[in-house]
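Reviewing the structure listed below.
Protein chains in written order, with the working numbering: chain A, 83 to 189; chain B, 610 to 861.
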């Protein structure tokens with residue numbers, strides 16, 4: 083159960099990151115580490131199947147861009163559908179969070 | 610060198626993504642290598658050696674099989690099935706083309722083997738019951754585009770003769786094969802056409818054939834004491850004729 087929710091939360095977090103700007107894979111990992119102050123841990127390689135799943139859903143799309151040092155990087159961009167998904171999932175998460183907090187605050 | 614490590618890691622991930630086409634595999638490999646390079650460079654900025662940074666970058670990626678399987682599940686199985694069906698069809702086509710060749714090679718092998726100095730007389734199904742005399746022989750004659758060879762003769766006694774039937778039978782074991790071993794043997798149905806002293810076989814005969822030869826036995830009633838029987842065979846202006854001496858010394 084913990085692993086399933088962790089994967090779903092990761093998708094939500096990835097959508098949120100991409101709502102700020104287009105990013106490539108390692109950039110997202112670095113941002114996550116910075117934002118969560120190293121408390122959010124995931125095996126980095128598992129990010130890519132999540133990105134592929136979001137791409138299959140139409141929530142993100144990818145494109146390639148050459149870096150200054152000549153490498154070809156794959157960037158991810160949040161689509162309109164992705165923005166809509168992000169808003170809905172954020173609302174669901176907030177509702178869920180409120181419900182959990184309510185239960186935990188009961189005696 | 611970290612690059613070799615990174616490539617090995619990518620290859621291990623790819624092993625678990627059978628659904629990926631070749632171009633998808635290249636894309637995945639490139640993305641993983643870029644990630645590892647980026648992480649390694651960052652760690653080196655923090656003061657790690659290239660080797661240590663490379664190892665840590667790989668360690669942070671996680672289990673290649675877990676990454677691979679999760680990635681595989683996001684890809685369509687369509688091209689994997691296309692690949693499998695194509696491979697099966699290719700294999701079927703190759704077998705279909707090789708089968709006649711294999712059959713032909715087997716035919717040549719059979720045709721050559723029945724020309725050998727001795728033919729095995731070890732098949733129990735070949736043996737008529739009640740044999741009291743037998744003789745290996747090697748009488749060969751041309752018969753059109755084939756050779757007929759008599760390789761074994763027996764005398765036998767049937768166990769329950771009737772008043773009308775003759776108790777003794779002579780059985781000739783024969784084989785025909787094409788003169789040219791590179792040709793297939795024709796099934797000439799010769800066993801029913803063999804005559805002994807001008808008479809047909811009352812029981813016909815029996816035998817078997819392969820692509821390179823036809824083998825059969827023909828049995829005929831024979832009076833006790835007959836010294837020689839005359840086997841003949843005629844078909845399509847081809848004539849076969851041999852004399853077989855008999856030995857009654859072992860008659861029960």
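Beta carbons are placed, not taken as given, at the ideal position from N, Cα and C, and that holds for glycine.
Within chain C, the residues that residue i reaches when beta carbons sit closer than 7 Å
| i | result |
| --- | --- |
| residue 671 of chain B | Absent from the structure: chain C. Protein chains present are A and B. |
Residue i versus residue j: straight-line alpha-carbon distance, rounded
| i | j | result |
| --- | --- | --- |
| residue 671 of chain B | residue 127 of chain A | 6 Å |
| residue 163 of chain A | residue 108 of chain A | 24 Å |
| residue 644 of chain B | residue 188 of chain A | 45 Å |
| residue 731 of chain B | residue 749 of chain B | The predicted position of residue 731 of chain B is uncertain, since its pLDDT is 45 and thus under 50; a value taken from the coordinates is nonetheless stated next. When rounded, the distance between both Cα atoms is 21 Å. |
| residue 565 of chain B | residue 709 of chain B | With chain B covering only 610 through 861, there is no way to say anything about residue 565 of chain B. |
| residue 138 of chain A | residue 184 of chain A | 36 Å |
| residue 635 of chain B | residue 113 of chain A | 26 Å |
| residue 794 of chain B | residue 678 of chain B | 57 Å |
| residue 83 of chain A | residue 116 of chain A | For residue 83 of chain A, the predicted structure reports a pLDDT of 41, less than 50, and the residue's modelled location is therefore unreliable. A value from the coordinates is still provided. Roughly 26 Å separates the two Cα atoms. |
| residue 625 of chain B | residue 98 of chain A | 29 Å |
| residue 94 of chain A | residue 675 of chain B | 21 Å |
| residue 733 of chain B | residue 842 of chain B | Any answer about residue 733 of chain B is weak, because its pLDDT of 41 lies below 50 and its placement is not dependable; what the coordinates show is given next. Approximately 26 Å, taken between the alpha carbons. |
| residue 90 of chain A | residue 118 of chain A | 17 Å |
| residue 767 of chain B | residue 778 of chain B | 8 Å |
| residue 820 of chain B | residue 846 of chain B | 24 Å |
| residue 826 of chain B | residue 804 of chain B | 12 Å |
| residue 160 of chain A | residue 146 of chain A | 15 Å |
| residue 838 of chain B | residue 832 of chain B | 10 Å |
| residue 129 of chain A | residue 640 of chain B | 11 Å |
| residue 123 of chain A | residue 693 of chain B | 39 Å |
| residue 158 of chain A | residue 102 of chain A | 12 Å |
| residue 141 of chain A | residue 133 of chain A | 9 Å |
| residue 863 of chain B | residue 741 of chain B | Outside the shown range of chain B (610 to 861) lies residue 863 of chain B, about which nothing can therefore be said. |
| residue 790 of chain B | residue 783 of chain B | 18 Å |
Start-to-end residues for the alpha helix (DSSP H) that takes in residue i
| i | result |
| --- | --- |
| residue 719 of chain B | 687-722 |
| residue 149 of chain A | Neither: residue 149 of chain A is in no alpha helix (DSSP H) and is coded neither H nor E. |
| residue 115 of chain A | 107-117 |
| residue 617 of chain B | 611-624 |
| residue 627 of chain B | Element bounds for residue 627 of chain B: n/a, residue is neither H nor E. |
| residue 135 of chain A | 129-139 |
Boundaries of the beta strand (DSSP E) in which residue i is found, first to last residue
| i | result |
| --- | --- |
| residue 848 of chain B | 847-854 |
| residue 828 of chain B | 822-830 |
| residue 838 of chain B | 837-844 |
| residue 104 of chain A | Where residue 104 of chain A is concerned, there is no enclosing beta strand (DSSP E), given that its DSSP letter is neither H nor E. |
| residue 743 of chain B | 740-752 |
Proximal residues, the stretch 120-147 of chain A versus chain B, C-beta separation under 7 Å: Listed by position along the chain: 125, 126, 127, 128, 130, 131, 134, 135 and 138.
At least 3 beta-carbon pairs within less than 8 Å: the stretch 713-723 of chain B vs the stretch 164-184 of chain A: No, the stretch 713-723 of chain B is not in contact with the stretch 164-184 of chain A.
Validate contact between the stretch 615-635 of chain B and the stretch 687-704 of chain B using beta carbons, cut 8 Å, 3 pairs: Enough Cβ pairs lie closer than 8 Å, so yes.
Contacting positions in the stretch 97-115 of chain A - beta carbon closer than 7 Å to chain B: So the list reads 107 and 108, given in the order they occur along the chain.
Chain A contacts from the stretch 663-688 of chain B (Cβ-Cβ distance under 8 Å): Here the close residues are 669, 670, 671, 672, 673, 675, 676, 679, 680, 682, 683 and 684.
Under 8 Å (Cβ pairs) to chain A, residues found in the stretch 624-652 of chain B: Of all residues in the stretch 624-652 of chain B, 636, 637, 639, 640, 641, 643, 644, 646, 647, 648 and 651 have a Cβ within less than 8 Å of some Cβ in chain A.
Beta strand (DSSP E) runs wholly inside the stretch 150-181 of chain A, at least 3 long, in chain order: Listed in chain order, the complete beta strand (DSSP E) runs (minimum 3 residues) inside the stretch 150-181 of chain A are 154-160.
Every unbroken beta strand (DSSP E) within the stretch 758-820 of chain B, with a cutoff of 3 residues, ordered by chain: If we require 3 residues or more, the beta strand (DSSP E) runs fully inside the stretch 758-820 of chain B come out as 777-787 and 814-819.
Cβ contact (3+ pairs, closer than 8 Å) linking the stretch 168-182 of chain A and the stretch 647-666 of chain B: Taking a cut-off of 8 Å on C-beta distances, the stretch 168-182 of chain A does not touch the stretch 647-666 of chain B, as fewer than three cross pairs fall below it.
Short-range partners of chain B found in the stretch 152-182 of chain A, where Cβ spacing is below 9 Å: Residues passing the 9 Å Cβ filter: 153, 154, 155 and 156.
contact_flag[the stretch 846-854 of chain B, the stretch 751-759 of chain B] where n(CB pairs < 8 Å) is 3 or more: At 8 Å Cβ cutoff, the stretches touch.
Completely contained alpha helix (DSSP H) runs for the stretch 651-687 of chain B, where each covers 4 or more residues: 659-670 and 673-681, all fully within the stretch 651-687 of chain B.
Contact between the stretch 149-159 of chain A and the stretch 695-705 of chain B (3+ Cβ pairs under 8 Å): No, the stretch 149-159 of chain A does not touch the stretch 695-705 of chain B.
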